[in-house]
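Residue 170 in full-length UniProt numbering is what sits at position 170 of the sequence shown, and the numbering runs on without skipping anything. In this text, a Cβ means the ideal position worked out from N, Cα and C, and glycines have one as well. Predicted model, so just to flag it, every value in this text is computed and none were measured. Read the structure below first, then the notes.
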Amino acid sequence: MDTTAMRTRLVEVVVPVYDEQRALRASVTRLHGYLTSNFPYGFRITIADNASTDNTWQIATELAEELPHVRAVHLDEKGRGRALRRVWSRSEADVVSYMDVDLSTDLDAFLPLVAPLLSGHSDLAIGTRLARAARVERGPKREFISRSYNLLLRSLMGAGFSDAQCGFKAVRTEVAQALLPGVEDEQWFFDTELLLLAERYGLRIHEVPVDWVDDPDSRVDIVRTALDDLRGLVRVTRKTLSGAAGIPVPPRIQRAELPRGMARQLPRFAVVGVASTLAYLALYSLLRPVIPPLAANALALLVTAVANTAANRRFTFGVTGSDGALRHQFEGLIAFLVGLALTSGTLALLPAQVPHGVELAAVIAANAAATLVRFLLLRVWVFNPRRRTAR
């Protein structure tokens, strides 16, 4: 692609700010200088002031007058998500992006971030501080909270992306404008919700390992932000299970479809699985003081496996009547044996004097892996409608 053609492509960089009079001028000047000298595409920097109470807005308007390709937008309410929604929803750029005003992320990662979006290879792109190739300098408290939060996303929501909180993201504008109506949050959970929604529609998320240096003067209340994110996770999980999270997506955005019937089966299987897990834990905890752990595990699994197969037969896969019930229970025991092998193997590997809490956590993790295998076996073998039709 020649230089003239590249310059006709436009990337909008949003810098959300609230009471950032200390850092705003130096950061935007540095960002503008870097993009002018090193970025091969056209760009626009938008300073989005979230109802600042200091001189941030005055500095933003001065920068817009002094520097080409810089503009300022003022909002009357706080909220990073609200600022991004306002600018992205009205942008005519090819790609919209944002970065934190402290420029903690090395700017050399910006071109690798947006290039796959401009070429059409990906739909969204995020910087990740959790990849092996990333180089990160930050305190243990932030490191622990960040890794714990992203672990929750992967384990509870099945997220495939590694770092939801890095303030360094970009989206194809048509994709952003299609997804924004389905995103409710206006604060820090905004981009996590956007990414989860994008994954549900099978959109392609590109990850770039970044060099990142923590800003010691950051204004972010990480504990409050973490609690807000957890509340957001609960809300999104509830919407997903209730089937209320869908939004219309334009035909130009390719949507990945789940196999037939799975969109209905997965939430029901999850509900049955949660109930079975709670019953299993209760049985295991009651049996553990009176019999050895391997025996307690086997008995608790056997009882809940029978109930689980019966519940999934009726509610998840819609099989009614007594025809084939015994065969289904027998075949369901195959999945039970897989779970027994995983959990028993986990218990056998634990040291003899391990605390009860660690033992219980290990059993839960093994049981989660067995649950995934169980769903696949039930769907493609035990309750496969082709087998029922053939019979």
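Residue 257 - DSSP class collapsed to helix/strand/coil: Reliability fails at residue 257, whose pLDDT of 47 lies under 50, so the model's placement of it is uncertain and no value is given.
Among 51, 44, 322 and 138, nearest to residue 20 - alpha-carbon criterion: Ranking 51, 44, 322 and 138 by Cα distance to residue 20 puts 51 first.
Residue 118 vs residue 9 beta-carbon contact at 8 Å: yes
Where the alpha helix (DSSP H) through residue 81 begins and ends: Per DSSP, residue 81 belongs to the alpha helix (DSSP H) from 80-90.
Counted within 10 angstroms of its Cβ, other Cβ atoms place residue 141 as buried (16 or more) or exposed: exposed
Sequence ranges, alpha helix (DSSP H) only - wholly within the UniProt domain "GtrA/DPMS transmembrane" (268-383), length at least 4: 293-311, 325-349 and 356-377
Spatial neighbours of residue 1 in its chain, beta-carbon cut-off 6 Å, leaving aside the 5 residues before and after: With a pLDDT of 45 at residue 1, under the threshold of 50, the predicted position of this residue should be treated as unreliable, though the coordinate-derived value follows. Cβ neighbours of residue 1 beyond the five flanking positions: none.
CA-to-CA distance, residue 191 to residue 281, given in whole angstroms: 35 Å
Spatial distance of residue 176 from residue 96 (CA atoms): 8 Å
Alpha carbon of residue 375 to alpha carbon of residue 341, nearest angstrom: 16 Å
Beta-carbon proximity of residue 48 to residue 73, cut-off 8 Å: Yes.
Neighbour-count burial assignment, residue 234, 16 or more Cβ in a 10 Å radius: exposed
Supposed contact pair residue 188 and residue 80 - C-beta distance, whole angstroms, cut 8 Å: 6 Å
Beta bridge counterpart(s) of residue 168 as assigned by DSSP: Residue 168 has 99 as its beta-bridge partners, per DSSP.
Runs of alpha helix (DSSP H) wholly within the segment 133-187 (minimum 4 residues, chain order): Fully enclosed alpha helix (DSSP H) runs of 4 or longer: 140-156 and 173-179.
Delimiting residues of the beta strand (DSSP E) encompassing residue 20: Run containing residue 20: none; DSSP gives neither H nor E here.
Residue span of the alpha helix (DSSP H) that contains residue 196, given as start and end: Here the alpha helix (DSSP H) through residue 196 covers 190-200.
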